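Q:
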Amino acid sequence: MNKLLGNMRLATKFSILGVLGALLVAASLVPYVRQSMQDIAVASREQSGIEPVKQLLRVVQLVQQHRGLSSVALGGDSGAEPQRAAKQQEIERAFADLDRSLAALRIDAGVSGAVRKTAGQWQSLVGSVANRSISGKESYVQHTALVADYLLVLDGMLDDFALSLHPEEQGYHLIMAVLVHLPNLTETLGQLRARGALHLAQKTISPEERTGMAGLVDGTARASATMARSLAKTMSRDQVLQDRLGGMVRESESLARQVGKLAREAIVEATELTYAAGEYFKLVTQAIDGQYALMASAMEALDQLLIADIAAKQRAQLAMLGAIVAVVLIVVLLGVAITRSVTGPMRRAVEAASRLGEGDLTVVIDAERKDETGQLLAAMKATVERLRDTIGQVQAAAQQLASASAQVSSTSQSMSQAATEQAASIEETSASLEQMTASISQNTENAKVTDGMAAKAAKEAKEGGEAVRQTVEAMKRIADRISIIDDIAY
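Next comes the structure, spelled out in structure tokens:
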């Protein structure tokens, strides 16, 4: 590994660090993006369920109204039949709208199957009511069971569109108030309307039926209070919502109390049922319509809340991604700047070292930086300066050495000339010595001759006086020759 890294350039090493940093960022960014996309998808799914839920609640409202009209018509009030027939057609149109809305959405098979089942139940029920083949009580029971099935479909739709699992507290309480508590309140009021209208139309009620009506009155009060508490939790966090729905909530509670009071006085506690069924139906319907008006306003607020939630999540995602992109860009720019700040001086240091290796001491090194590369360049600059000083000293010494060498050369030439002259003298001396040697040799020969001559002279002297004269002359010649030898020896 060290060898591998040692063979890499600094830019490559920094690039590897950048890639590793990008991988670390991606490792944390990908889960965030996935989660944020999932949150946005869930919020979008919630918002897409608002319209079909509205249409289903519209069907519930109309079926509740048809239940009451059917109770009045089957209870003996023939004047209510045209209204019932018109309400039947209105329900048929509401069913068609619901089917089109669900067909355009991806919906759970169980929910779509339940919708088809309730549609079949409705067709069977409305046929029996139109043919008057069932009694008012049976119509009430079957209508109530059908509404209960619709509310189960509503619960399935809330789950399928993730509305029942809304993660934020304000939206959760608003959803519970609008799509759970308010529908339960309207159904309780609807049952109170249908059963009360039937009893008033028949002008008879049993003790058990009075008890049932009393239970519905108490259930209306409880459902109204539950709905109001749930909306209060939502409105306490949003003043705009408080201003928008606060008055309608108070009106809803007042209408529920009025209906409870009317049902108790006109039916539960009345000794005789003299209150007009049509008027009772009308007043309770107004109260129920007030609940649905509150529901419509709250549904609109819920829709806006979900749209705002989607937009907020999208903005948060974009802000986070923008921040990450900005940070990445800053890191990249800093990385490039740092890489250049390191590799640039290092490259200049390498170039300077190469020129120094080639013997170029004229290189100029900028050592103004204070980091490690600046310290390296400063050290190289000091090295170059010391080399320049050393080379200067070497040059001065070389010059002195050259001067001394010149002097030595001059002296050597003088000595060579003297030696030449001495050699010439020696040659002359040698020649003289050779001459002397020759002269000595000649002297030796001469001495030998002289010795012979002396011996002869002595012999002759011994032989007689007659040879004295010759001997004297010979001695003179010897004396002359000795004089010559003395000159030579000198």
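Be aware that the sequence shown starts at 15, since it is given in my numbering, and climbs by one per residue. Beta carbons: idealized from backbone N, C-alpha and C, even for Gly. Please read these numbers as outputs of a predicted model, since none were measured by experiment.
Just confirm the distance between the C-beta atoms of A312 and V192, as a whole number of angstroms; I'd bet it's less than 8 Å.
A: Their Cβ separation, rounded to whole angstroms, is 4 Å, which keeps A312 and V192 in contact under 8 Å.
Q: D323: buried (16+ other C-beta within 10 angstroms of its C-beta) or exposed?
A: D323 is buried by the Cβ-count criterion.
Q: Less than 8 Å between the beta carbons of G170 and T202, yes or no?
A: Contact flag unset, no.
Q: How many Å lie between V155 and V44 at the Cα?
A: About 55 Å.
Q: Are at least three pairs of beta-carbons, each pair with one atom in the region 183 to 191 and one in the region 270 to 288, less than 8 Å apart?
A: Touching, no, given that fewer than three Cβ pairs across the two stretches are closer than 8 Å.
Q: Exposed or buried, what is P181 when buried is set at 16 or more other beta-carbons lying within 10 Å of its beta-carbon?
A: It is exposed - the Cβ of P181 has fewer than 16 other Cβ atoms within 10 Å.
Q: When the Cα atoms are used, what is the spatial distance from R369 to S417?
A: Rounded to whole angstroms, R369 to S417 spans 32 Å at the Cα level.
Q: Straight-line CA distance for Q69 to V341?
A: Their Cα atoms are separated by approximately 47 Å.
Q: For R329, does the count of other Cβ atoms within 10 angstroms reach 16, so buried, or fall short, so exposed?
A: That one is exposed.
Q: Can you give the Cα-Cα distance for Q362 and R402, rounded to whole angstroms?
A: With the sequence shown as reference, residue 362 is identified as Arg, and Gln is not the correct amino acid for it. Going from the Cα of R362 to the Cα of R402 covers about 19 Å.
Q: Flag this pair as yes or no: are the beta carbons of S153 and L88 separated by less than 8 Å?
A: Yes, these two residues count as a Cβ contact at 8 Å.
Q: At which residues does the alpha helix (DSSP H) containing E106 begin and terminate?
A: Looking at the DSSP string, the run of the alpha helix (DSSP H) that includes E106 is 95 to 117.
Q: How is the alpha helix (DSSP H) around T234 delimited, first residue to last?
A: Here the alpha helix (DSSP H) through T234 covers 221 to 249.
Q: Count the other CB atoms, across all protein chains shown, that sit within 10 Å of the CB of Y46; report buried if there are 16 or more and exposed otherwise.
A: Exposed, because fewer than 16 other Cβ atoms sit within 10 Å of the Cβ of Y46.
Q: Can you check whether the CB of Q61 is closer than 8 Å to the CB of T200?
A: Cβ atoms of T200 and Q61: not closer than 8 Å.
Q: Give a yes or no on contact between the region 205 to 214 and the region 171 to 179, applying the rule of three or more CB pairs nearer than 8 Å.
A: Too few Cβ pairs lie closer than 8 Å, so no.
Q: By the DSSP assignment, the alpha helix (DSSP H) with I189 in it spans what residues?
A: Where I189 is concerned, the enclosing alpha helix (DSSP H) stretches over 183 to 190.
Q: Do A270 and S238 have their beta-carbon atoms positioned less than 8 Å apart in this structure?
A: Yes, these two residues count as a Cβ contact at 8 Å.
Q: Using a Cβ-Cβ cut-off of 6 Å (strictly less than) and excluding sequence neighbours within five positions of H157, which residues of its own chain qualify?
A: Cβ within range, chain order: R81.
Q: Under 8 Å, do S268 and L308 count as touching if we go by C-beta distance?
A: Taking 8 Å as the Cβ cut-off, S268 and L308 do not qualify as a contacting pair.
Q: Rounded to the nearest angstrom, how far is the Cβ of T132 from that of D111, given a contact under 8 Å?
A: That belief does not hold up - the Cβ atoms of T132 and D111 are roughly 15 Å apart, past 8 Å.
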